[in-house]
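Engineer:
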Amino acid sequence: MTNLIAGLRAEGRRLTRPRKAILDVLEKSKYPLSAADVHARLKREQVAVDLVTVYRTLAVLKKLGLIAQVELGEGQFRYESRHGREHHHHIRCRGCGRIADLMLCPLKKLTALVERETRFTVEEHSLEFFGWCPKCQ
Ligand SMILES: [Zn+2]
Ligand SMILES: [Zn+2]
Ligand SMILES: [Zn+2]
């Protein structure tokens, strides 16, 4: 564990500049972004960071607990800043791909039940919704 943290710290220092830029991009976004989205936005802001570095930095930021990883049935991960945001879930439109936050979590009771049934300690869960937004209905 100590090694892991030391490793992350070392990596974190090495990636300080891209880390700040990526956190900034994620904080400004209203919905979770893929690595390619982050890369495109950095490019637009003339921050020179290659895609491999974006992937690596996102992994570090996730391990540090600064960002959340979301999978919305697209075959790719998206990421969002945790700063100032409670744990929450998402709904994605099957038509236009629009993503909205659902600022709630209905799984607290279920989590307790899962822990009781399995004797596992639940660390996290995922629950995403898919449907049609008002414009695509
Ligand atoms: Zn839609
Ligand atoms: Zn969200
Ligand atoms: Zn939840």
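In the numbering used here, the protein residues as written are 35 to 171.
The beta carbon of each residue, even a glycine, is placed where N, CA and C say it ideally should be.
1. Taking the alpha-carbon of Tyr-65 as reference, which of Phe-111, Lys-77 and Ala-55 has the nearest alpha-carbon?
2. Tell me which same chain residues have a C-beta within less than 8 angstroms of the C-beta of Glu-114, skipping the five on either side of it?
3. With distances taken between CB atoms, is the gap from Thr-91 to Arg-53 smaller than 8 angstroms?
4. May I have the straight-line CA-CA distance separating Leu-57 from Met-137, to the nearest angstrom?
5. Have a look at Lys-20 and Gly-131 and give me their C-alpha separation to the nearest angstrom.
6. If you count every other CB in all the chains shown that lies within 10 Å of the CB of His-150, and 16 or more means buried, which is it?
7. Counting along the chain, where does the alpha helix (DSSP H) carrying Val-59 start and finish?
8. Quick check on this structure: which residue in Arg-128, Arg-119 and Lys-96 has the alpha carbon closest to the alpha carbon of Leu-106?
9. I'd like to confirm something about His-159: is its beta-carbon nearer than 7 angstroms to some heavy atom of ligand 3, or not?
Structural biologist: To lay it out plainly:
1. Nearest option by C-alpha distance: Phe-111.
2. Leu-60, Ser-63, Tyr-65, Pro-66, Leu-67, Ile-101, Ala-102 and Val-104
3. In contact: Thr-91 and Arg-53 (Cβ atoms closer than 8 angstroms).
4. 21 angstroms
5. No statement about residue 20 is possible, as the shown extent of the chain runs from 35 to 171 and does not include it.
6. Sequence check: residue 150 is Arg here, not His. So Arg-150 ends up on the exposed side.
7. Element bounds for Val-59: 50 to 62.
8. Ranking Arg-128, Arg-119 and Lys-96 by Cα distance to Leu-106 puts Arg-128 first.
9. yes
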